[in-house]
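Only one structure is covered here, and it is reproduced in the block below.
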Amino acid sequence: MRRGWESNPRPPDHKSDALTIEPRCSTVVVVVMAVVVVVVVVVVVVVVAVVVVVVVVVVVVVVVVVVVVVVVVVVVKVVVVVVVVVVVEVVEVIVVVVVVVVVVAVVVVVHAVV
2 MRRGWESNPR PPDHKSDALT IEPRCSTVVV VVMAVVVVVV VVVVVVVVAV
52 VVVVVVVVVV VVVVVVVVVV VVVVVVKVVV VVVVVVVVEV VEVIVVVVVV
102 VVVVAVVVVV HAVV
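Numbering (our numbering), first residue to last: 2 to 115.
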């Protein structure tokens, strides 16, 4: 009696036929896989580029806002200092004029009484 595999010229490899996968890829599968890889790479590059552009725009906007705020603060400080200096000078002039008028009035009154 012959065994079943003896009629087959190839001896069994002691593996189940369900587990053996022969590596066969058609040209279409290779092309589709290549296209998918290219599309994924392009999408990743575009997303990274968009993120970089957004970050650069945000940084530029923040820098511009900071510069504008600093300039406004400096201008306001300068205006306040100028206004304070002018007010102080005007008050000094008014005080000097009042003192001179009071002194002259006192001198006139004292001179008139004596």
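Think of the CB as a built atom: it goes at the ideal place given N, C-alpha and C, for glycine as much as any other residue.
Rounded to whole angstroms, what is the Cα-Cα separation between residue i and residue j?
i	j	result
VAL46	VAL31	22 Å
GLU93	VAL54	58 Å
ILE95	VAL69	38 Å
GLU90	VAL80	15 Å
VAL62	VAL44	27 Å
VAL108	VAL88	30 Å
VAL41	THR28	20 Å
VAL67	VAL73	10 Å
VAL36	VAL76	59 Å
VAL114	ALA106	12 Å
VAL52	MET34	27 Å
VAL39	VAL64	37 Å
VAL84	VAL97	20 Å
VAL102	VAL86	24 Å
VAL58	VAL71	20 Å
LYS78	VAL99	31 Å
VAL48	VAL82	51 Å
ALA50	VAL56	10 Å
Is it the case that the CB of residue i approaches a heavy atom of the ligand GTP more closely than 7 Å?
i	result
VAL72	With respect to the ligand GTP, the structure offers nothing, as it holds no ligand at all.
Can you tell me where the alpha helix (DSSP H) holding residue i begins and where it ends?
i	result
VAL68	28-114
So is residue i in contact with chain C if we call contact Cβ pairs under 8 Å?
i	result
VAL32	Protein chain content of the structure displayed is limited to a single chain, and chain C is not contained in it.
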